[in-house]
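Reading through the structure tokens given below for one structure.
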Amino acid sequence: MRSILILTLFIASGSLFSQIEKQGLVKFYIDVDNGYFEVLLNDTLALKKFRDSLPEGHYQAQIWSPTYEQFSTEFDINAGEVTEVNAKLIKSEDYAKFEFDYQEYQWQFRQRVTLPVTLSLLSTLTTGYLMMKSYDTKKLVENDILLYHHSSDPGAIQDVKASIDQNNRKYDRLRTGYYIFGGLSVALIGTSIWSGIYFKNHFTEPVFNEDSPFRDKFSLNPTPYGCRIVYKLG
Amino acid sequence: MKKLVYILIALSFTSCLKEIEAADNVDTNIFDRDYKGEKWFEAEDLTYLENEDGDYVVRISAVLPSENMPIYHPSHVRMYAHVNNQEIGVITAYQNSNGDYPISIDAEIDGSQEYCIILGIYDEDEEESFNEFVDCVSF
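Residue numbers (the numbering used here), protein chains in the order written: chain A, 6 to 239; chain B, 134 to 272.
The following block contains the structure:
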């Protein structure tokens, strides 16, 4: 368990930092698609903002953004001037491998879990539908049979018999479909269970470590109400 | 997932989606033109008597038992009758208190010792008889 010590200093306006003289402004133009980056200055101070006032001098900067390779550069700060630091970060090889592995993992998931489960669900729903339709049709046939045994009208009996014949053939088709899809559903559910267990035992979801390499450094986080210095002990 | 399997197996085994055998046997109603059952009336008795015109005739008594009728018993049944070679025509049998339909047919005496009646259900719409059966009665 990592213990984290956060030391926070709130300093009012016009405090120590406002009195530092000979400062210049640095602006970081970092080309990343996630909009987030951290800059480590002189291996000491981690900045998490795109511009800041720094004391005059020469700086070595290491720039990092999640999923990107760390980028190193140097710049000078002159008093009263604005220094622009441009950097185009490139995607890390680890992340490229992670993306490849994750795509493979997703493909396997779809193939071994999503597809069988979807087919099982469709087959089960079809079985249920056929079962309900079969029962409805069976009821129609049974009602007509009852009517047949009640009637003494030759004309009506012919109509009822035609209806019995038609619905009975429909019922036979529906219940045949029900048994076929029922068997198919059982087979698909069994396949889904087996495939899911196989997937669970043979595939692990790839993870990509997005922790900042600067997490154990001092970081300066100024806010409109003051500034905060954070140091984490891992 | 296992629950789904159990439910499906239970449904498969508990379902009553069997063949409706009664649907293949709808031929037991005597008002059905495709009736495949037994003779639906019984010839019972034979007597000589003098009719209203003063002529001697042979009266054949028969009955249509209530158990041979559909579940809903009509008040009467129309039939077409022949006795030996005589065409009698359309006759009507009314339901009695027992639920049966007594039939009485008067025919000319032809010297026979045995009189055979042919009865068919008469369809008034089509004006024809069907499901004709023969039963004989002797002195």
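Every residue gets a Cβ at the ideal spot worked out from N, C-alpha and C, and that includes glycine.
Nearest to residue 55 of chain A by alpha-carbon distance, out of A:63, A:204, A:49, A:69, is A:69. In summary, the residues of the segment 154-171 of chain B whose CB is separated from some CB of chain A by less than 7 Å are 155, 156, 159, 162, 164, 165, 166, in the order they occur in the chain. Remark: C-beta atoms of residue 84 of chain A and residue 29 of chain A approach each other more closely than 7 Å.
254, 256, 258, 259, 263: these are the residues of the segment 250-266 of chain B whose beta carbon lies less than 8 Å from some beta carbon of chain A, given in chain order. For residue 234 of chain B, the closest Cβ of chain A is not nearer than 7 Å.
Put simply, of A:32, A:98, A:150 the residue whose alpha carbon is nearest the alpha carbon of residue 80 of chain A is A:32. In the structure shown, the three-state DSSP call for residue 191 of chain A is helix. Within the same chain, and ignoring the five residues on either side of residue 206 of chain B in sequence, the residues whose Cβ sits closer than 7 Å to its Cβ are 199, 228, 232. When the alpha-carbon of residue 41 of chain A is set against those of A:73, A:184, A:141, the nearest one is in A:73. A distance of 7 Å or more separates the beta carbons of residue 172 of chain A and residue 130 of chain A.
In the structure shown, the three-state DSSP call for residue 91 of chain A is strand. Secondary structure at residue 212 of chain B: strand, using DSSP grouped into helix, strand and coil. Residues of the segment 178-189 of chain B with a C-beta less than 9 Å from any C-beta of chain A: none at all. In the structure shown, residue 206 of chain B adopts coil according to DSSP, grouped into three states. Chain-ordered, the chain B residues with CB closer than 9 Å to the CB of residue 180 of chain A read 148, 150, 151, 152. Here residue 215 of chain B is buried. Its C-beta has 16 or more other C-beta atoms within 10 Å.
For residue 114 of chain A, same chain residues with a beta-carbon under 8 Å away, outside a window of 5 residues either side, are 204, 208 in chain order.
For residue 148 of chain A, the enclosing alpha helix (DSSP H) begins and ends at 120-155. Residue range 98-114 is occupied by the alpha helix (DSSP H) that includes residue 100 of chain A. In this structure, residue 164 of chain B places its C-beta atom within 7 Å of the C-beta atom of residue 254 of chain B. Not a single CB atom of chain B sits nearer than 7 Å to the CB of residue 134 of chain A. Per the coordinates, the alpha-carbon of residue 59 of chain A lies some 7 Å from the alpha-carbon of residue 82 of chain A. Secondary structure note for residue 79 of chain A: its beta strand (DSSP E) is the uninterrupted segment 76-82. Membership of residue 222 of chain B in the beta strand (DSSP E) is indicated by the continuous run 219-227.
With a threshold of 7 Å between beta carbons, residue 205 of chain B makes contact with chain A. 190, 191, 194, 195, 197, 198, 201: these are the residues of the segment 190-223 of chain A whose beta carbon lies less than 8 Å from some beta carbon of chain B, given in chain order. Residues 223, 225, 255, 257 of the same chain have their beta carbon placed closer than 7 Å to that of residue 211 of chain B, with the five preceding and five following residues left out of the count. Excluding five sequence positions before and after residue 210 of chain A, the CB atoms of its chain that fall closer than 7 Å to its own CB belong to 110, given in chain order. Here residue 264 of chain B carries a strand assignment [DSSP, helix/strand/coil].
Rounded to whole angstroms, the separation of the alpha carbons of residue 190 of chain A and residue 44 of chain A is 57 Å.
Ranked by Cα distance from residue 186 of chain A, the first of A:124, A:155, A:216 is A:124. Around residue 152 of chain A, the same chain offers 165 as residues with beta carbons nearer than 6 Å, after the five sequence neighbours per side are excluded.
Its Cα nearest to that of residue 196 of chain A, the residue A:119 stands out among A:119, A:135, A:180. In this structure residue 250 of chain B touches residue 268 of chain B by the C-beta definition: roughly 6 Å separates them, less than 8 Å.
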